[in-house]
Amino acid sequence: MLTLQYLQQNTEHIVERLKTRNQDYRELIDQIKQLDEERRSRQQEVNDSQAELNNLSKQIGQLFKEGRTDEANKVKEQNAKLKESVKEGQQRLHAIEEEIRSLMVQIPNVPHETVEQGKGEEDNVLVRQNGQAPDLGQDALPHWELAKKHDIIDFDLGNKITGRGFPIYKNEGARLQRAMISYFLDKAREQGYQEVQPPLMVNEDSAFATGQLPDKEGQMYQVPIDNFYLIPTAEVPVTNIYRDSIVEEKDLPLKLTAYTPCFRREAGSWGKEVRGLNRVHQFDKVEIVQIDHPERSYETLEAMTSYVESLIADMGMPYRVMRLCGGDLGFAAALTYDFEVYSSAQDKWLEVSSVSNFTSYQANRLKLRFRQEGKKKPQLAHTLNGSALALPRLLAAMLENYQEEDGIRVPEVLQKYTGFSSIKRKEEGR
RNA sequence: GGAGGAAUGGCGGAGUGGUCGAACGCGGCGGUCUUGAAAACCGUUGUCCGGUAUCCCCGGACCGGGGGUUCGAAUCCCUCUUCCUCCGCCA
30 MLTLQYLQQN
40 TEHIVERLKT
50 RNQDYRELID
60 QIKQLDEERR
70 SRQQEVNDSQ
80 AELNNLSKQI
90 GQLFKEGRTD
100 EANKVKEQNA
110 KLKESVKEGQ
120 QRLHAIEEEI
130 RSLMVQIPNV
140 PHETVEQGKG
150 EEDNVLVRQN
160 GQAPDLGQDA
170 LPHWELAKKH
180 DIIDFDLGNK
190 ITGRGFPIYK
200 NEGARLQRAM
210 ISYFLDKARE
220 QGYQEVQPPL
230 MVNEDSAFAT
240 GQLPDKEGQM
250 YQVPIDNFYL
260 IPTAEVPVTN
270 IYRDSIVEEK
280 DLPLKLTAYT
290 PCFRREAGSW
300 GKEVRGLNRV
310 HQFDKVEIVQ
320 IDHPERSYET
330 LEAMTSYVES
340 LIADMGMPYR
350 VMRLCGGDLG
360 FAAALTYDFE
370 VYSSAQDKWL
380 EVSSVSNFTS
390 YQANRLKLRF
400 RQEGKKKPQL
410 AHTLNGSALA
420 LPRLLAAMLE
430 NYQEEDGIRV
440 PEVLQKYTGF
450 SSIKRKEEGR
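Residue numbering for the first sequence follows my numbering, starting at 30 and increasing by one per position.
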C-alpha cells in the first residue's frame, strides 16, 4: 500500500495518475486524510494522558515507600479516572487506525508516468516485436493435438485425476519441462540470482504482504483447515522472505530466483481461450525477484526485461513486449511489461512472462526497508519480479512453432538439457 | 497426535511487581595509541507513532502475538504461535 506521508504530500499527482486505472480516488483519499488528522489529535491526547498516568504511578510507588499510605491511596483514586479515559482514547485511536488501514488497502499503486490510460488488454502498448513466425502451411496442428499425437501431454487423464486445467505431462513432454526448468534456473544463477526453494503454501500474512489479500482470495486455492493458501506465483513466498526486515544499503540489490509450481483458480474462464495449455490451474514457473534501491528500480526493471527477452529470443520464439495500460495493470504494480510468444497454429499471442516494478507498494506492506549510509531512519525498498519463464504456454507455442512432418524439433539451447533433439511418436514400447 | 520445558535488543545471556528500553559479554560504529594494522583503553549502539521536526530535542509505545489482573507488568493470569526434549506416526 501507499504510505500516508506520500498520500498527504502528493495528493494531486496520485489522483491524476490513478485515473489511468479508470477510477477516481479523490474522495477516498480525502476521507483518509481527514481520518489521519483525527488520528493525530487523538494520538496526542492519548500520549499526554499516558505520560501523566506514568508520572502518577511513579509517585504512588514513592509515597508507599515513604509510608505515606493515605496520600498514596488518594493519588490512586485520581489515577483510576485517568486510566479510564486513556483506555477509551486508545480504543478510539485503534478504531480510527483500523479504518484508515481498511481504506488504504483499497488504493492501488500509482502507475508510472509511461503508463497510459486504457480499459484492458486491448489497450496495452506494443513496445517491441521480434522473431519470425514459421511458415507451417495448412496442416499445422494446435498443440493439444500435437500433444496427443506424440503422447506427451494427457489432458483427459488430468481431468480424471483432478479436474480441468490439471494436465499430465508424459514422456518427452515431462522431460522437456524438466529441461526448461533447469535451463532457466542455470541462466538465472549466471545472472547472479540466488536460487531458493520456497514453500508452496503461505499463510495470511504473506498473502497480504504481496497484495493477494484482502481482495484476491478468489484467485487462490485455499487450505481452510490450516488457513493456508496455495501460491499463485513464487513471488509470494520469495518476496516474503524479506518481510519485516531491514537490510543494508550495500547489500542491494537482492536477487532471488525460484522454480515452483503455481496454482490459480482462474474462476470464470472457459471456452477456446482455455483450450489445451492456454490456461491451466497448475503450472510450472521460474520466477526472478529483486529487491532494490528506489533510485535504481526502473533501471533494474529494464535489466530484468532484457533478461527475459533474451531467454525467449534464445529459444528462437517470435515474441512481443507489451506495456500494460492502466486498466490491465495489477493492483500492486506501478509498471508492467508482458511478454507474449506467438503460437502459430493457433494464431495467438500467449503471455509467458510479466515483469513488474512494485516500487514501495509491496515493501510498505512487507515492512521491508534498507538502512541508508549516514542516515538513521530506514527507508522502504523497492520490489520487482518477473517470470523467467512460465512453462505451459511457452511449451504450447514451442510445440506448434517447431512442428515438422515427422516430429517436433527442440530448440537448440535446450538440447543439452533434454538429451534429445526432437520429439517423435514411437509406435510402441514407451 | 500425546507429555513436559522454553521464547528478552544483531547474537549470547541476566532480570520473578515500581527507580528496566532493560545488567553483562560478543559483534557493530566512533575515538585514543600506532608508520599502518592488531591488542589495549574510552565512548556509543534498536524499531515504530506523535510533537509544523528525515539529523538534534521532547512525549508515547514495543522484552514471541493477542487479551487480562494491578495505581504500576519483561516479571502474575488466560490464550495463540514458534522452538527444544521424550513418546507415537512417517517420505
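For every residue, glycine included, the Cβ atom is placed at its ideal position computed from N, Cα and C.
Beta-bridge analysis with DSSP links Gln-311 to Phe-292. Between Ile-317 and Thr-286, the C-beta gap is smaller than 8 Å, which places the two residues in contact. Cβ neighbours of Gln-226 within its own chain (closer than 7 Å, five residues either side excluded): Ala-287.
Rounded to whole angstroms, the gap between the alpha carbons of Gln-161 and Glu-338 is 15 Å. DSSP places Tyr-348 in the uninterrupted beta strand (DSSP E) bounded by 348 to 352.
Sequence-distant partners of Asn-76 (beyond 5 residues in either direction) whose C-beta falls short of 7 Å from its own C-beta are missing from its chain.
With a contact defined as Cβ atoms closer than 8 Å, Ile-452 and Ile-210 miss out at about 17 Å. Rounded to whole angstroms, the gap between the alpha carbons of Gly-147 and Leu-31 is 22 Å. By the Cβ neighbour-count rule, Thr-143 is exposed, with fewer than 16 other Cβ atoms within 10 Å of its own. Here DSSP, grouped into helix, strand and coil, assigns Tyr-198 to strand. Sixteen is the threshold: when 16 or more other Cβ atoms of the shown chains lie within 10 Å of the Cβ of Ala-176, as they do, the residue is buried. Residue environment: Gly-240 is assigned as buried (16 or more neighbouring CB atoms within 10 Å of its CB, all protein chains considered). Pairing Lys-116 with Gln-63, the inter-Cα distance amounts to about 23 Å. CA-to-CA, the gap between Val-303 and Asp-376 works out to about 14 Å. The segment 49 to 61 makes contact with the segment 345 to 363; the number of CB pairs closer than 8 Å reaches 3 or more.
Taking the Cα positions, Ile-125 is about 18 Å away from Ser-78. Only residues of its own chain outside the window of five on either side were considered, and among them Thr-447 have a CB closer than 7 Å to the CB of Arg-204, listed in chain order.
Our two residues, Glu-56 and Pro-228, have alpha carbons roughly 40 Å apart in a direct line.
Going by beta carbons, Arg-294 and Tyr-258 fall outside the 8 Å limit. Gln-319 carries a strand assignment under DSSP once its states are collapsed to helix, strand and coil. Boundaries of the beta strand (DSSP E) harbouring Tyr-258: 257 to 259, taken from the DSSP string.
In its chain, beyond the 5 residues on either side, Gln-220, Ala-417 have a beta carbon closer than 7 Å to the beta carbon of Tyr-336. The continuous beta strand (DSSP E) containing Gly-436 extends over residues 436 to 438.
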